[in-house]
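One structure is given here, and the rest of the page talks about it.
2 protein chains.
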Amino acid sequence: MRLSRAGEYAVRCMLYLSMAGKGVLVSRKIVAREMEIPEQFLGKIAQQLARAGFMEIVQGAKGGFRLMVSPENLTLLAVIEAVIGEIFLNDCVLRPESCHRSPDCKVHRVWADARDCFRESLRKATFASLTTS
Amino acid sequence: MRLSRAGEYAVRCMLYLSMAGKGVLVSRKIVAREMEIPEQFLGKIAQQLARAGFMEIVQGAKGGFRLMVSPENLTLLAVIEAVIGEIFLNDCVLRPESCHRSPDCKVHRVWADARDCFRESLRKATFASLTTS
DNA sequence: ATAAACAAGATCGTATTTATCCTGTTTATA
DNA sequence: TATAAACAGGATAAATACGATCTTGTTTAT
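Just so you know, the sequences run in chain order D and R.
The first sequence stops at residue 300 when you use the working numbering, and every number in between is there.
The second sequence stops at residue 300 when you use the working numbering, and every number in between is there.
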């Protein structure tokens, strides 16, 4: 069980934009080359990141990506979940009503706690903290 | 990102055996029916659980499964990882040498911490605690 | 007007997951 | 000891997800 490639790429992309700085326009080609991300695939991922409001995509010649939030306010959790969906669920946690085995299944609770703990760790990590040496 | 069906089934199977009690023989057919697990698929999963030492598989007529450990000593983490492998890795954590982006990538650390936190939660949950009302 | 650059849907190959089939082996018991 | 119940384990297949690319179209600087 592991993070998908798309999640990795999303993090790399936002790391690059964070290092460039908020509001700074960087071409997709540059991000793709520097971060070793297939450019077309990056296009797809960027669309999700833009929809989430983390970056803006500028079309046309001299277009590219632009970070729309402060790296201080951007978390690893937000970026990853924007791309791969809410993290680490099982059917029970996702749709408790789908678990008809028990009205209040103890496994649900453990699983939810573990997930919350995981997400909290990722929520604490801002891109500002990830990019400062 | 979610727990695989196989992981769910493994947990259900061990829950059933835990409720039956350590050393008590239960037929595969019964476990499959009661826990709503495809029987042949359960066979595969059981082999992994047996290899991990959590249960014994008894062949022949009147065969079945038998819990080999005390529910107090059996954790959700152990059961799940026996079936789906170590939880929640990305390439970096799995093979740090594969991340040539940075000699000591900060993302690694966050990710590893989050994973440890998650696994710790599952490690604290024993099947004894899951099956007592 | 042109070319650079991104958008977005379609497609494609591969890997993984889930599940089943089939043949064989084990074992209780009649 | 013959038989049937029950599990083993390899092969296979269907479904899904994933990673990546292709193609056509639109936007925009110059």
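C-beta atoms are modelled at their ideal positions from N, C-alpha and C, and glycine is treated no differently.
Being a predicted model, the structure only gives us computed values, none of them experimental.
A Cβ-Cβ distance of about 6 Å is found for the pair R/Y183 and R/E201, placing them in contact under the 8 Å criterion. The Cβ atoms of D/S288 and R/D280 sit closer than 8 Å to each other. Look at D/G231 here: in three-state DSSP terms it is strand.
Residue state for R/V193 is assigned as strand, using DSSP reduced to three classes. Looking at the DSSP output, R/R169 sits in a beta bridge with D/L256. In its chain, beyond the 5 residues on either side, no residue has a beta carbon closer than 6 Å to the beta carbon of D/N240. R/A187 is positioned such that its CB atom lies closer than 8 Å to that of R/V193.
With respect to the 8 Å criterion, D/R282 and D/T242 are not classified as neighbours on the basis of their beta carbons. Membership of D/I204 in any beta strand (DSSP E) is not indicated, and neither H nor E is assigned to it by DSSP.
R/R286 is positioned such that its CB atom lies closer than 8 Å to that of R/L244.
Sixteen is the threshold: since fewer than 16 other Cβ atoms of the shown chains lie within 10 Å of the Cβ of D/S300, the residue is exposed. The beta carbon of R/Y176 sits closer than 6 Å to the beta carbons of I204, I212 from its chain, once the five residues preceding and following it are set aside; these are given in chain order.
Residue-level contact check: R/K189 does not touch chain D, since none of the beta carbons of chain D fall below 8 Å from its beta carbon. One finds S288 in chain D with Cβ atoms closer than 7 Å to the Cβ of R/D280, taken in chain order. For the pair R/F208 and R/V246, the CB atoms are not nearer than the 8 Å cut-off. By the rule that beta-carbons nearer than 8 Å mark a contact, R/A228 does not touch chain D.
Among the residues of chain R, those whose CB is under 9 Å from the CB of D/V277 are L243, S288, L289, K291, A292, S296, L297, following chain order.
Counting of Cβ neighbours within 10 angstroms places R/V191 among the exposed residues, the total staying below 16.
Taking 8 Å as the CB threshold, D/C284 lines the interface with chain R.
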